[in-house]
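*Asks:* Attaching a single structure in structure tokens format; questions to follow.
Residue numbers (my numbering), protein chains in the order written: chain A, 1 to 113; chain B, 114 to 227.
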């Protein structure tokens with residue numbers, strides 16, 4: 001079946017612009033995670049959605065970052081007024097339920113000039 | 114807060130040999146999950162193996178096995194009969210029982226040499 005998909009694959013933007021990154025989880029998966037991975041680094045947790053519960057936003061680095069998940073499926077990560085330090089790969093993952101294996105998308109590589 | 118430590122930034126192993134990657138973690142929770150993920154140069158993160166903390170038996174998956182020591186909070190990954198395709202970054206990860214507090218370690222870059 002279809003895995004987790006993310007779009008765009010690559011995004012180049014200018015400092016100060018807003019960007020939206022999209023994640024389509026595996027159908028039926030109730031949990032969805034966003035991570036950030038800087039070059040050669042590990043994964044930094046950003047935000048976690050589980051069903052209809054309030055999201056865990058504890059990993060968002062600043063109020064320029066926000067995310068929503070519509071209808072318990074597709075999720076959008078928005079970065080406002082992008083900065084050069086926002087350049088990274090943004091990974092999305094979904095899982096069937098809490099504690100289960102996370103299935104990752106291919107990521108979106110964001111470059112802020 | 115949970116932490117995950119991988120003390121080996123880089124490792125190499127000869128093809129067909131066995132290698133062990135180390136991982137330690139810190140948590141006050143009693144029930145949780147531990148994972149090893151692999152990220153090849155293609156960037157796609159793939160699950161290697163998963164362990165439930167309430168299970169005493171070590172998880173195995175073909176050539177991959179873990180040594181889970183709950184009291185010591187240690188979760189090492191053993192790769193037997195290493196293959197060139199095993200070359201990747203390996204991340205150890207902790208997940209709370211209810212999906213919260215998901216933390217990845219910094220990773221170990223493994224190179225399998227021909």
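All residues carry an ideal CB built from backbone N, CA and C; glycine is no exception.
What you are looking at is a predicted structure, and each value in this text was computed from that prediction instead of being measured.
Quick check on residue 206(B): buried or exposed, where buried means 16 or more other Cβ atoms within 10 Å of its Cβ?
*Replies:* Residue numbering aside, residue 206(B) sits at position 93 when the second chain is read from its first letter. So residue 206(B) ends up on the buried side.
*Asks:* Between the alpha carbons of residue 107(A) and residue 75(A), how many angstroms are there, rounded?
*Replies:* Here the question's residue 107(A) lines up with position 107 in the first chain. Here the question's residue 75(A) lines up with position 75 in the first chain. Distance between the alpha carbons of residue 107(A) and residue 75(A) is about 13 Å.
*Asks:* Check whether the Cβ of residue 174(B) sits closer than 7 Å to any heavy atom of the ligand NAP, and report yes or no.
*Replies:* Ligands are entirely absent from the displayed structure, and the ligand NAP is therefore not among its contents.
*Asks:* Which partner residues of residue 136(B) appear in the DSSP bridge assignment?
*Replies:* Taking the first residue of the second chain as position 1, residue 136(B) is located at position 23. According to DSSP, residue 136(B) bridges with nothing at all.
*Asks:* Cβ of residue 224(B) within 8 Å of Cβ of residue 135(B)?
*Replies:* Position 111 of the second chain, counted from the first residue, corresponds to residue 224(B). Position 22 of the second chain, counted from the first residue, corresponds to residue 135(B). No.
*Asks:* May I ask which residues mark the beginning and end of the beta strand (DSSP E) holding residue 20(A)?
*Replies:* Start at 1 with the first residue of the first chain, and residue 20(A) comes out as number 20. It spans 19-24 - the beta strand (DSSP E) in which residue 20(A) sits, taken as one unbroken run.
*Asks:* Output, in chain order, the set of chain B residues within a Cβ distance shorter than 8 Å of residue 45(A).
*Replies:* Indexing the first chain from 1 puts residue 45(A) at position 45. Result: 215, 216, 217.
*Asks:* Just the chain B side, please: which residues come within less than 7 Å of residue 106(A) by C-beta, in chain order?
*Replies:* As a first step, residue 106(A) must be located in the first chain, where it is residue number 106. Result: 156, 157.
*Asks:* Starting from the C-beta of residue 148(B), find all residues in its chain whose C-beta is less than 6 Å away, skip the five residues before and the five after it, and write them out in chain order.
*Replies:* Residue mapping note: residue 148(B) aligns to position 35 of the second chain, counting from 1. So the list reads 163, 206, once near-sequence residues are dropped.
*Asks:* Could you please give the first and the last residue of the uninterrupted beta strand (DSSP E) stretch that includes residue 116(B)?
*Replies:* Sequence index remark: in the second chain, residue 116(B) carries index 3 (1-based). Run containing residue 116(B): 116-118, per the beta strand (DSSP E) assignment.
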